[in-house]
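S.K.: Note that my numbering has the sequence shown beginning at 2, numbered continuously upward. Glycine residues also receive a C-beta, built at the ideal position from the N, C-alpha and C atoms. As the structure is a prediction and not an experimental result, all values here were calculated from the model. Quick one: the structure is below, questions incoming.
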Amino acid sequence: MAQHLGAYNEILYPPFLTAAASPDRLAAAARLRGIAAAPPDRCRMLELGCGDGTSLIAFAYAMPGSHFVGVDLAARPIEIGQEKIQSLGLRNCELRQGDVMELDAASLGEFDYIFAHGLVSWVPGVVRDRVLGLLRACLKPNGIAYLSYNAYPGGFQRDMLRAMLLRHTAPISDQREKVRASHELMDFMAQAPFPKPFHAFVEEQRQQRRFASLLYDELGDINRQYFVSDFTALAQSHGLAFAGPVAPDHSLAAMPSALQEQLDKYSAGDATAREQYLDYLTGSSFRQDLFCRAEKPVDHTRRWEPITGLYTCGLFREVERLETDPPHLRRFETPLAMRVPVPYAGVARAFEYLNSAYPRAVPFAELAAQAEDEPAERLAQILLQCAVAGAVDLLAHPHRHASKASERPRVSALARSQAAEGFQANLLCLSVQIDRRVARLLLPLADGTRSQDQLAAELTRILKQREAPDEDTAKSWQKALADPGAEVQRQLHTWCRLHLLESD
Ligand SMILES: C[S@@+](CC[C@H](N)C(=O)[O-])C[C@H]1O[C@@H](n2cnc3c(N)ncnc32)[C@H](O)[C@@H]1O
Numbered sequence: 002m003a004q005h006l007g008a009y010n011e012i013l014y015p016p017f018l019t020a021a022a023s024p025d026r027l028a029a030a031a032r033l034r035g036i037a038a039a040p041p042d043r044c045r046m047l048e049l050g051c052g053d054g055t056s057l058i059a060f061a062y063a064m065p066g067s068h069f070v071g072v073d074l075a076a077r078p079i080e081i082g083q084e085k086i087q088s089l090g091l092r093n094c095e096l097r098q099g100d101v102m103e104l105d106a107a108s109l110g111e112f113d114y115i116f117a118h119g120l121v122s123w124v125p126g127v128v129r130d131r132v133l134g135l136l137r138a139c140l141k142p143n144g145i146a147y148l149s150y151n152a153y154p155g156g157f158q159r160d161m162l163r164a165m166l167l168r169h170t171a172p173i174s175d176q177r178e179k180v181r182a183s184h185e186l187m188d189f190m191a192q193a194p195f196p197k198p199f200h201a202f203v204e205e206q207r208q209q210r211r212f213a214s215l216l217y218d219e220l221g222d223i224n225r226q227y228f229v230s231d232f233t234a235l236a237q238s239h240g241l242a243f244a245g246p247v248a249p250d251h252s253l254a255a256m257p258s259a260l261q262e263q264l265d266k267y268s269a270g271d272a273t274a275r276e277q278y279l280d281y282l283t284g285s286s287f288r289q290d291l292f293c294r295a296e297k298p299v300d301h302t303r304r305w306e307p308i309t310g311l312y313t314c315g316l317f318r319e320v321e322r323l324e325t326d327p328p329h330l331r332r333f334e335t336p337l338a339m340r341v342p343v344p345y346a347g348v349a350r351a352f353e354y355l356n357s358a359y360p361r362a363v364p365f366a367e368l369a370a371q372a373e374d375e376p377a378e379r380l381a382q383i384l385l386q387c388a389v390a391g392a393v394d395l396l397a398h399p400h401r402h403a404s405k406a407s408e409r410p411r412v413s414a415l416a417r418s419q420a421a422e423g424f425q426a427n428l429l430c431l432s433v434q435i436d437r438r439v440a441r442l443l444l445p446l447a448d449g450t451r452s453q454d455q456l457a458a459e460l461t462r463i464l465k466q467r468e469a470p471d472e473d474t475a476k477s478w479q480k481a482l483a484d485p486g487a488e489v490q491r492q493l494h495t496w497c498r499l500h501l502l503e504s505d
């Protein structure tokens, strides 16, 4: 563990925003399973192994009425997070340096939500067991925990690559040199004259793996994978029940009904078995699962009723319309090319409304009003399928983002503080990317003190003063200078759709 402590301090783990663990998504997921999870805007949340607190800070910013506590063994990331908290003036987020092995459950108190992302697969069994014990001890009766871990069967490929990298780099002690040698080995394997199927996986990793994630994930001392059924059994032995996967499963949208039926047959009504067979189908290598106290009944039947208390956010484009009477069929498509067939006229009107309301998350009653005399169950069932497949985002409370830019637009202070970084945390706690050329310069200015005309004037002044670093940037700056007012409008429109603008 001493090596971990040194390592995470020396070479920082890349900041990562775990959107799926935000209290509003956990609340929505829990309520769909019949658990009366706490209101996300008035809750207490704990993160174990929080790194620099990237996730907790985004949650704390978006939900000022809730309280967030993060603990991590490495001091340096905690200091970085504490500096961010201070500069943003957040009073509802505290990060502490500490070892989960030494945490005292009683003095930590109870929490509505607890999560650990990227922790349990990379720590010794005793630490993993301590994490599970803390969840049990610190979860409130309706509390929900989120744990992510590396999973089989996809993990077998990772194990294979890891074994080769570890053997190759065993004689090297310098960490940077280890990573360099690993890349060199992957480059070598990429040239295999008679590639076998696993070479495709090596190639994928060769392109994707960033320095720190290769160092800690593949080359780490411990990197343990679990079958979902084994992990849930382990959780059960600590008094925790499996409450289902948190993240939507995009592959479900494309699953033929015959396969669905076979899946139902194999799982015979058991939620864990269903997930296990699904993992065989998808080749899952990473899981993000929910747990609650073992005595809490969990409804895995996907009832539609809880949807009526949630908010839906979704963006669609109509791609097909068949309006003979009957049948009536309209097909919508999400920006990720996921198709949603809607065979009822009223439900299709509700989808059109959802689309026109975007970026706002719409309460169910408002959507149902659009569907007029269509039964609420029909709309709710289709929304539920969309949510499970990841075509819409279900939230448990309305957020404070603007649906259109005001005269003095204000980008969230958190996103403004991240203007120079690779991503922005938006007000729905998702990580989004802004245009690196113009938006990076304009974003920090949109703090609510300048009118749209003043933003255009300021942008002009800045662009005239600077020299573009490359040809592509020079072109976009020229375009912005030709009509700065239009450029500001364009950027504001984009930020609004990215949920970056705050409402007044
Ligand atoms: C892979 S990183 C993940 C960080 C963060 N959760 C994320 O997703 O970006 C694992 C983190 O767990 C922390 N950690 C490892 N062992 C720990 C322990 N015994 N107690 C507290 N934190 C620990 C490490 O310092 C590191 O920051």
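1. My assumption, with CB atoms under 8 Å, is that R441 sits in contact with A421. Please give the rounded CB distance.
2. Where does Q419 fall in DSSP's three states?
3. Please tell me whether, using a cut-off of 7 Å, the distance from the CB of L120 to the nearest non-hydrogen atom of ligand 1 is below it.
4. What first and last residue would you give for the beta strand (DSSP E) that runs through T313?
5. Figure out for me which residue from L464, V132, Q479 and A406 has the closest Cα to the Cα of R498.
6. Could you please give me the residues that DSSP links to E334 through a beta bridge?
7. Does the segment 167-184 come close enough to the segment 303-317 that 3 or more CB-CB pairs lie under 8 Å?
8. Counting C-beta neighbours from all protein chains within 10 Å, is the total for H118 16 or more, i.e. buried, or is it exposed?
9. Could you tell me the distance, in whole angstroms, from the CA atom of P470 to the CA atom of P485?
10. Just to check my reading of the structure: E375 and G347 have Cβ atoms closer than 8 Å, yes? What is that Cβ distance to the nearest angstrom?
11. Looking only at its chain, what residues have a beta carbon closer than 7 Å to the beta carbon of A62, apart from the 5 residues adjacent to it on each side?
12. Does the Cβ of Q206 have 16 or more other Cβ atoms within 10 Å, making it buried, or fewer, making it exposed?
13. Using a 10 Å radius around the Cβ and a threshold of 16 neighbouring Cβ atoms, would you call D25 buried or exposed?
14. Compute the minimum distance between the beta carbon of M64 and the heavy atoms of ligand 1, and state whether it is under 7 Å.
15. Hey, out of A29, L148, E321 and K297, whose CA is closest to A242's CA?
16. If you measure from the CB of G90, is any heavy atom of ligand 1 nearer than 7 Å?
17. In or out: M161 buried (at least 16 other Cβ within 10 Å) or exposed?
18. State yes or no: is the C-beta of V1 nearer than 7 Å to some heavy atom of ligand 1?
19. Do W478 and L464 count as a contact pair if the criterion is CB distance below 8 Å?
20. Threshold first: 4 residues or longer. Then list the alpha helix (DSSP H) segments lying entirely within the segment 206-264, N to C.
21. Tell me whether A426 sits in a helix, a strand or coil according to DSSP, three-state version.
22. Does DSSP classify P142 as helix, strand or coil?
23. Just to check my reading of the structure: R32 and A397 have Cβ atoms closer than 8 Å, yes? What is that Cβ distance to the nearest angstrom?
24. What do you reckon, are the CB atoms on I36 and I145 nearer than 8 Å?
25. Name, in chain order, the residues that DSSP records as bridge partners for A152.
26. Is the beta carbon of V121 less than 8 Å from the beta carbon of Y147?
27. CB F112 to CB L47, shorter than 8 Å?
28. Which residue wins for smallest C-alpha separation from C51, given the options A390, D100, D42 and S230?
29. Could you tell me whether the segment 255-275 touches the segment 181-193, where touching means 3 or more Cβ pairs closer than 8 Å?
30. So does the segment 227-235 actually touch the segment 276-292, counting three or more Cβ pairs closer than 8 Å?
31. Can you tell me the Cα-Cα spacing of R491 and Q98, whole angstroms?
32. For Y114, write down the residues that DSSP places opposite it in a beta bridge.
33. So G391 and H301 are supposed to be a Cβ contact under 8 Å. How far apart are they, rounded?
34. Rounded to a whole number of angstroms, what is the C-alpha to C-alpha distance between D448 and A76?
35. Taking a contact to mean a Cβ-Cβ separation below 8 Å, would you say Y312 touches A362 in this structure?
36. Just how far apart, CA to CA, sit A381 and V132?
M.R.: The short version:
1. 7 Å
2. Q419: coil per DSSP, three-state reduction.
3. Short note on L120: C-beta closer than 7 Å to some heavy atom of ligand 1.
4. Y312 to C314
5. A406
6. R318 and R340
7. no
8. buried
9. 20 Å
10. About 3 Å separates the two Cβ atoms, so the contact holds.
11. According to the sequence provided, residue 62 is Tyr. The question's Ala does not apply to it. Excluding five sequence positions before and after Y62, the CB atoms of its chain that fall closer than 7 Å to its own CB belong to L89, L91, S413 and L415, given in chain order.
12. buried
13. buried
14. no
15. K297
16. no
17. Classification for M161: exposed.
18. Missing from the structure shown is residue 1; the chain here goes from 2 to 505 and no further.
19. yes
20. 229-238
21. It is a strand residue.
22. strand
23. 7 Å
24. yes
25. Y227
26. no
27. The Cβ atoms of F112 and L47 sit closer than 8 Å to each other.
28. D100
29. Contact between the segment 255-275 and the segment 181-193 is absent, with fewer than three C-beta pairs closer than 8 Å.
30. yes
31. When rounded, the distance between both Cα atoms is 43 Å.
32. BP columns for Y114 point to M46 and I145.
33. No, G391 and H301 are not in contact; Cβ-Cβ is about 18 Å, not under 8 Å.
34. D448 and A76: Cα-Cα distance of roughly 32 Å.
35. Result yes, Cβ atoms of Y312 and A362 sit closer than 8 Å.
36. 36 Å
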